[in-house]
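Residues 1 to 253, numbered by full-length UniProt numbering, are exactly what the sequence shown covers, in order.
Encoded as structure tokens, the structure appears first; notes follow it.
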Amino acid sequence: MRAVAQTDKGKVRPNNEDRVAIITNPTNQQLFVVADGMGGHRAGQIASELAISYLTTHFEKLMIRMDEDQAQRWLRQTIQRINDNVLQAGASNESLNGMGATIVCAIDIDESKVAIAHVGDSRAYLVNHQTMTQLTEDHSLVAMLMKKGEITADEAKIHPRRNVVLRSLGMDGFVEVDCQLVYKREDERLLLCSDGLTNKVSIDDIRAVVMAEVSLSQKVTMLIQQANDNGGNDNISVIIAETGIDETDGGDD
Numbered sequence: 001m002r003a004v005a006q007t008d009k010g011k012v013r014p015n016n017e018d019r020v021a022i023i024t025n026p027t028n029q030q031l032f033v034v035a036d037g038m039g040g041h042r043a044g045q046i047a048s049e050l051a052i053s054y055l056t057t058h059f060e061k062l063m064i065r066m067d068e069d070q071a072q073r074w075l076r077q078t079i080q081r082i083n084d085n086v087l088q089a090g091a092s093n094e095s096l097n098g099m100g101a102t103i104v105c106a107i108d109i110d111e112s113k114v115a116i117a118h119v120g121d122s123r124a125y126l127v128n129h130q131t132m133t134q135l136t137e138d139h140s141l142v143a144m145l146m147k148k149g150e151i152t153a154d155e156a157k158i159h160p161r162r163n164v165v166l167r168s169l170g171m172d173g174f175v176e177v178d179c180q181l182v183y184k185r186e187d188e189r190l191l192l193c194s195d196g197l198t199n200k201v202s203i204d205d206i207r208a209v210v211m212a213e214v215s216l217s218q219k220v221t222m223l224i225q226q227a228n229d230n231g232g233n234d235n236i237s238v239i240i241a242e243t244g245i246d247e248t249d250g251g252d253d
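Here it is, written out as structure tokens:
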């Protein structure tokens with residue numbers, strides 16, 4: 001797959017606690033990751049770096065190309081181990097106590113299938129010219145209230161506790177990881193992003209950019225620019241992947 005990743009600290013936050021990565025193993029299978037750190041005083045940055053570092057180290061060692069079941073199992077087990085590492089790091093250093101991260105990952109199985117795993121409110125989407133389908137369900141307070149029918153989508157956008165996440169790395173001793181297999185058409189794009197994008201750019205505007213006739217690098221730059229133009233009050237991270245020869249560009253910068 002062709003893929004590009006980019007992250008930006010935005011216009012308000014002093015540090016970028018997001019991290020992104022595109023990792024390729026010896027079989028040319030790819031792993032795409034967006035991690036959104038939480039905790040302040042750089043603790044969130046350390047949590048997201050721990051996640052990316054662990055995933056990179058262990059994915060690069062894989063000498064087999066995983067099928068759909070193996071990929072989902074690997075993602076679930078690996079993210080649970082990362083959760084343990086984040087908890088241990090927080091417990092061993094008072095300044096890091098309470099740090100955490102949300103995460104969304106995708107592994108390409110073949111040209112038509114992708115394994116996805118997530119914890120928190122970082123998202124994965126499938127995008128085509130007609131629709132933009134959210135593949136992940138936010139583990140957040142407002143998402144839970146919307147599911148119960150207690151608030152509307154518009155009310156969720158202005159809810160005083162809209163930033164409360166109910167599930168994240170580093171929150172509990174055991175983290176439940178949502179995994180799924182997604183079927184992707186050749187004309188569809190895979191988008192992974194932190195909430196710094198979706199809180200500031202409308203679904204229609206995101207879809208228009210993702211499907212625009214420009215390079216992947218231009219697309220991710222345009223999306224981040226739109227989020228910044230609309231306030232940029234959070235870190236912004238974007239990965240776009242599409243079927244085709246490898247043209248990978250991106251990393252945990």
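Even glycine gets a Cβ: it sits at the ideal position worked out from N, Cα and C.
Going straight from the alpha carbon of A91 to that of H129, what length do you get? A straight-line Cα-Cα distance of about 47 Å links A91 and H129.
Strictly by DSSP, which residues pair up with H118? H118 pairs with V104 and D178.
Quick one: what does DSSP say M222 is sitting in, helix, strand or coil? Here DSSP, grouped into helix, strand and coil, assigns M222 to helix.
Element boundaries [alpha helix (DSSP H), containing E94]: Per DSSP, E94 belongs to no alpha helix (DSSP H) and is neither H nor E.
Can V34 and V104 be called in contact, C-beta distance under 8 Å? Cβ atoms of V34 and V104: closer than 8 Å.
Which residues in the same chain as D195 place their Cβ atom closer than 6 Å to its Cβ, once the five residues preceding and following it in sequence are excluded? Residues D121 of the same chain have their beta carbon placed closer than 6 Å to that of D195, with the five preceding and five following residues left out of the count.
Can you tell me which of C193, F174, A71 and G231 puts its alpha carbon nearest to the alpha carbon of D108? Ranked by Cα distance from D108, the options C193, F174, A71 and G231 are led by A71.
With respect to the alpha helix (DSSP H) encompassing G37, which residues constitute its N-terminal and C-terminal limits? Premise fails: G37 lies in the beta strand (DSSP E), Q30 to M38, not in any alpha helix (DSSP H).
Residue burial classification, I206 (beta-carbon count within 10 angstroms, cutoff 16): Using a 10 angstroms sphere on the CB of I206, the tally of other CB atoms reaches 16 or more, which defines it as buried.
Contact between the stretch 172-184 and the stretch 199-217 is defined here as three or more beta-carbon pairs at a separation below 8 Å; is this criterion met? The answer is no - the stretch 199-217 does not touch the stretch 172-184, with fewer than three Cβ pairs under 8 Å.
Strand pairing of D110, partner residues [DSSP]: Paired residue(s): K113.
Please determine, among D178, Q88 and Y125, the residue with the shortest C-alpha to C-alpha distance to M171. Nearest to M171 by alpha-carbon distance, out of D178, Q88 and Y125, is Q88.
Tell me which same chain residues have a C-beta within less than 6 Å of the C-beta of L62, skipping the five on either side of it? Residues of the same chain with a CB within less than 6 Å of the CB of L62, apart from the 5 flanking positions on each side, are N25 in chain order.
State yes or no: is the C-beta of G44 nearer than 7 Å to some heavy atom of the ligand ATP? This structure lacks the ligand ATP; in fact it carries no ligand of any kind.
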